[in-house]
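Undergrad:
Number of protein chains: 2
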Amino acid sequence: MPDSSPTFSFRLLSCSGSARRGEIVTPRGIIRTPAFMPVGTAGTVKALYPEQVRKAGADIVLGNTYHLMLRPGPERVARLGGLHEFMRWQGPILTDSGGFQVMSLANLREMSEEGVTFRSHVDGSKHQMTPERSIEIQSLLGADIQMQLDECIELPATRERAIAAMELSLRWAERSKRAFEARAKPGQALFGIVQGGTDLELRQRSADALVAMDLNGYAVGGLAVGEGHEVMLSTLEGTTPHLPADKPRYLMGVGTPVDIMEAVARGIDMFDCVMPTRSGRHGQAFTWGGKVNLSNARHADDPRPLDAASSCPAARDYSRAYLHHLMKSGEYLGAMLLSWVNTAFYQDLMAAIRQAITEDRYDAFVAEHKARLSAAEGPNL
Amino acid sequence: MPDSSPTFSFRLLSCSGSARRGEIVTPRGIIRTPAFMPVGTAGTVKALYPEQVRKAGADIVLGNTYHLMLRPGPERVARLGGLHEFMRWQGPILTDSGGFQVMSLANLREMSEEGVTFRSHVDGSKHQMTPERSIEIQSLLGADIQMQLDECIELPATRERAIAAMELSLRWAERSKRAFEARAKPGQALFGIVQGGTDLELRQRSADALVAMDLNGYAVGGLAVGEGHEVMLSTLEGTTPHLPADKPRYLMGVGTPVDIMEAVARGIDMFDCVMPTRSGRHGQAFTWGGKVNLSNARHADDPRPLDAASSCPAARDYSRAYLHHLMKSGEYLGAMLLSWVNTAFYQDLMAAIRQAITEDRYDAFVAEHKARLSAAEGPNL
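So the sequence lines, in the order shown, correspond to chains A and B. Per the numbering used here, residue 1 is the first one in the first sequence, and the count goes up by one each step. Per the numbering used here, residue 1001 is the first one in the second sequence, and the count goes up by one each step.
(1) Using the three-state DSSP reduction, which class does residue 1110 of chain B fall into: helix, strand or coil?
(2) Let me confirm a value: residue 247 of chain A is counted as buried when at least 16 other C-beta atoms fall within 10 Å, else exposed. Which label applies?
(3) Pick out whichever of B:1257, B:1121, B:1035 and B:1126 has its Cα sitting closest to the Cα of residue 1366 of chain B.
(4) Taking Cβ-Cβ distances shorter than 7 angstroms, what residues in chain A pair up with residue 1016 of chain B?
(5) Buried or exposed: which applies to residue 295 of chain A, given that a residue is buried once 16 or more other Cβ atoms fall within 10 Å of its Cβ?
(6) Does the beta carbon of residue 344 of chain A come closer than 8 angstroms to any beta carbon on chain B?
(7) Provide the residue span of the beta strand (DSSP E) that contains residue 220 of chain A, from first to last.
(8) Evaluate residue 1113 of chain B with the Cβ neighbour count: other Cβ atoms within 10 Å of its Cβ, from every protein chain shown; 16 or more gives buried, anything less gives exposed.
(9) Out of A:243, A:155, A:188 and A:234, point me to the one whose CA is closest to residue 207 of chain A's CA.
(10) Under 8 angstroms: do the region 1159-1170 of chain B and the region 1114-1129 of chain B share three or more Cβ pairs, one atom per stretch?
(11) Since residue 1417 of chain B and residue 332 of chain A should fall inside the 8 angstroms C-beta cutoff, what is the C-beta to C-beta distance between them, to a whole number of angstroms?
(12) Could you tell me which whole alpha helix (DSSP H) segments of length 4 or greater appear in the region 53-107 of chain A?
(13) Using DSSP with H/G/I as helix, E/B as strand and the rest coil, what is residue 272 of chain A?
(14) On the CB-based measure, 16 or more other CB atoms within 10 Å of its CB, does residue 303 of chain A come out buried or exposed?
(15) What three-state label does DSSP hand residue 121 of chain A in the structure shown?
(16) From what residue to what residue does the beta strand (DSSP E) around residue 250 of chain A run?
(17) Return yes when the Cβ of residue 241 of chain A is within less than 8 angstroms of the Cβ of residue 179 of chain A, no when it is not.
(18) Could you pull the start and end residues of the alpha helix (DSSP H) that residue 242 of chain A belongs to?
(19) Could you check whether the Cβ of residue 1295 of chain B sits closer than 8 angstroms to any Cβ belonging to chain A?
(20) What residues match up with residue 8 of chain A in a beta bridge as DSSP calls it?
(21) Using a Cβ-Cβ distance cut-off of 8 angstroms, determine whether residue 318 of chain A contacts chain B.
(22) Along the alpha helix (DSSP H) that carries residue 1299 of chain B, what are the first and last residues, could you check?
(23) Strictly below 7 angstroms CB to CB, what residues from chain A border residue 1044 of chain B?
(24) Let me know if residue 1 of chain A comes out buried or exposed under the rule of 16 or more other beta-carbons within 10 Å of its beta-carbon.
(25) When you compare only the Cα positions, how much space is there between residue 80 of chain A and residue 1272 of chain B?
(26) What number of angstroms, rounded off, separates the C-alpha of residue 70 of chain A from the C-alpha of residue 1067 of chain B?
(27) Taking DSSP as the reference, what is the three-state secondary structure of residue 291 of chain A?
(28) Mind checking if residue 71 of chain A is an interface residue toward chain B, Cβ cutoff 8 angstroms exclusive?
(29) Over the uninterrupted alpha helix (DSSP H) stretch that includes residue 316 of chain A, give me the two end residues.
(30) Report the rounded CA-to-CA distance for residue 1011 of chain B versus residue 1172 of chain B, giving the unit in angstroms.
(31) Put residue 1331 of chain B into one of helix, strand or coil per three-state DSSP.
(32) So the alpha helix (DSSP H) residue 160 of chain A belongs to, where does it begin and stop?
(33) Any idea what DSSP makes of residue 31 of chain A, helix, strand or coil?
(34) Alpha carbon to alpha carbon, what distance is there between residue 40 of chain A and residue 141 of chain A?
(35) May I have the straight-line CA-CA distance separating residue 47 of chain A from residue 1370 of chain B, to the nearest angstrom?
(36) In chain order, what residues of the same chain have a beta carbon less than 8 angstroms from the beta carbon of residue 1109 of chain B, not counting five sequence neighbours either side?
Shown next, in the form of C-alpha cells:
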C-alpha cells in the first residue's frame, strides 16, 4: 500500500445499544475501540517492558506531556528521534496537553488568558504552558493523537466557575487548532476536550462549539475527579449525544473496570488510567473473579495462581503465596508481575467488551460481569 | 534415562594453566563451570523474571537462607512445594548457610559454641542459628547445594581470632555434615567452607580438615570482605592447591569481572555476587567495553545502545539516553533493563571464560580483556 498520504480516520463497525465497536486508523496502526490506553507517564508504562504492553493487547499508549517536558525535555526527545523511538513503542501514542498535571503537580501556578505559569515539581524551574506550547511539545514528541490544552476545575464548583473554565477551554481549543494545523504531520490528530463540570447545559454548549471546529476526536474531560460514579455516568449521558457518531470519543482518566463498562454503554470509545499499574505496584490485582489484594496475609499460604485460565503468565504461573511474599518484601518482581497482570486484564476486558458489542449482547455482558468486578475482595477469591 | 538414583558429581573437562572447565551434574541439571550464580536473595533475582535469568545463560541461582528464614519462612516454603516451585526456578539452587548475613544484617547477635542467637532486622523477632538449624532450613527450602554454617570474621583480624573462627567453623562443618546426612535427599550436596583469614598456614589447616570430611565441594569463605584484590588472589593461590581436583571450588561473594577472571586463573569454579543486579539498580552497566555509569549526564543525548552486538535485548535495543532518563526518573524499567544487561553480561563473561579454557588460551583471554573490564568509565564508552 502506498505510504505517501497517511491519514487518520475512524470507522464504526457495530453497535449494541449505545455501545460502539470501531477502529481508529492511524499511520502507525489500527486502534481497536473501545480501547484502553496504558499510561506511560515518563516514557515508560511503569514496571513493564514495551513488548509486554503490546503482547497484552494494547494498540496505543499514552504519554504525559507535563512529565516529559520537564524530563527529559521535548527538544531532546525530538533530537533522539521522537517518543516512539525513545521508548521503543512503535504503535500509536496519544499525549495529553499537560494541563491536568500542571494543575495537580506543579507549584506556584498562575493562570491567565494566555496560559499558565508554574514551577516544576522536579527542580523548581519556571515554565509557561500555553495552548501553542502544549501543541509544540506534543509535536516534538511526535504524538499521533494530541490533546488541546484545557482548564480542568475541581468539583464541586460554582456555575460561574464552570462557565469561565469551559469558555476559556474553548478559546484554547481554537488556539490549539491553529497551532496544530501549523505543525501537524500527515495522519496526526487533534482532539478537543468537552468541559462544563456536571452541568448538562454547559456540557452541550462546550460540545457544540468543539464540534463546530471539526476536530479529529472529542474527549470528555473534568470527570473522575471526585464527583462519584453515578454523577459521572449521568454527565456522560448528557454529553455523548452531542458528539458526532463518526468521530472517536475519549473519556479521560477513567477508570475502574465497571466505570469503563458503564461508559462504553454510554458511547465512549477510548480510556486511559494509571489504575492497572498503580494498583499493581500497591499489591492489588484485577481478575475476572474480582479484585485481589495480595498484600493481605490470607494469601500467604495460597498455592493457587490468580487466574489459571489467564493468557498472562504473571496471572497463571505464580502462586498467590509468592506474590504475597514479593509484596511484603518490597521486591521489584511483585510490582512487575502485578502491573503485568493488571495491564493484561484491562486489555482482556476491552477485548471482551468489543466482542460483546460485535455480538450485540453488550447489556447482557455488563449484567454478567458487573457485580463480580465491582465487589470488594471476597472470601473465595 | 532412569531417574531412580539421582546423584551429584563433578567432572573436569579441560584445563588451561590452573583454570578449569568442568560440569557439575545434579538431578536438576548440569552446571557448566566456571559458573556465576545470580543471587536471588529473597526468592527472586531482583528486578528480573526467572525466564530472563535462565535465558541469560545461568544454570544455577543462589538463595539466601537468612532472608528466606525470616520471610516467608522455610516451613511455609516447604508446604508450598519448596523454593524451586515457589520462585519458579527449575534449575539447581545453592543456598548459603545464613551465617554471613546474620553477622552483617541481624541485631543483638550472641555467639557461642552452639551457634548464634540474633534478632531479625525485619521485625525484631528472636532466632537461633546453629549448624543443624541451618541445614534444616536449607533442606526445607530444597536446596540442591547446601553450605555449612561458618564463622566469617572481619579483616584484618589477629591470628588468635582467625584461628578460633577457623576451628569453630571446622567443628560446625562436622555438625553440618551429620545434620545433612540425616536429612539430605539423593543428589543433594553439602559444601564445606575454608576459613583462616589471610594466613596461608591457617587456610591449609582448614582445607586439609575439610577435605578429610569428604564433602561434595569446597568453598573459600572470608574473602572479598575488604582485604583488597591482591591479598584475595594470594590467599586463593595458597588455598586452592590444598583442595582436591575432582571437587568443585566456590569463591563466595565474588565479585567484579576481573576478580572472577583472576580467581578462575587460580582454580575457582563457582561464584556468586549481588554486583550485577545491585549495580544495575544504581545505574551502572557492565559491557565488554567496560563499565558505563548511565546516571552520568553525558549519556543524556546519546542515541547509541550499550552494546549493539549483545545478545541481550536490554543492551542492544535501548539508547543510553533512554537508560539515563529512566535512572534519573527513578523508573522501575531502568533497574529492570540494567539488571538484565548485567546479568546477561556476567553469563556471557562466564561463557567466554569457559570457551577460552576449552581452547587452552585462558591467559591470552585475560590479557585481552582485563584492562578494559577493570577501567573506570572512559571517555569513549
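Cβ coordinates follow ideal geometry from the N, Cα and C atoms, glycine included.
TA: Looking at the coordinates:
(1) strand
(2) buried
(3) B:1257
(4) Chain A residues near residue 1016 of chain B: none, gap ~38 angstroms exceeds 7 angstroms.
(5) exposed
(6) no
(7) 217-220
(8) exposed
(9) A:243
(10) no
(11) Outside the modelled stretch of chain B, which goes from 1001 to 1381, sits residue 1417 of chain B, for which no answer is possible.
(12) 65-70, 74-79, 83-87 and 99-105
(13) strand
(14) exposed
(15) coil
(16) 249-251
(17) no
(18) That residue, residue 242 of chain A, is in no alpha helix (DSSP H); it is neither H nor E in DSSP.
(19) no
(20) Paired residue(s): none; residue 8 of chain A is not in a bridge.
(21) yes
(22) Where residue 1299 of chain B is concerned, there is no enclosing alpha helix (DSSP H), given that its DSSP letter is neither H nor E.
(23) 326, 331 and 333
(24) Residue confidence is low: residue 1 of chain A scores 49 on pLDDT, short of 50, so the model does not pin down where it sits. Its coordinate-derived value is still stated next. Classification for residue 1 of chain A: exposed.
(25) 38 angstroms
(26) 39 angstroms
(27) strand
(28) yes
(29) 313-316
(30) 28 angstroms
(31) coil
(32) 159-183
(33) strand
(34) 13 angstroms
(35) 35 angstroms
(36) 1102, 1103, 1116, 1117 and 1118
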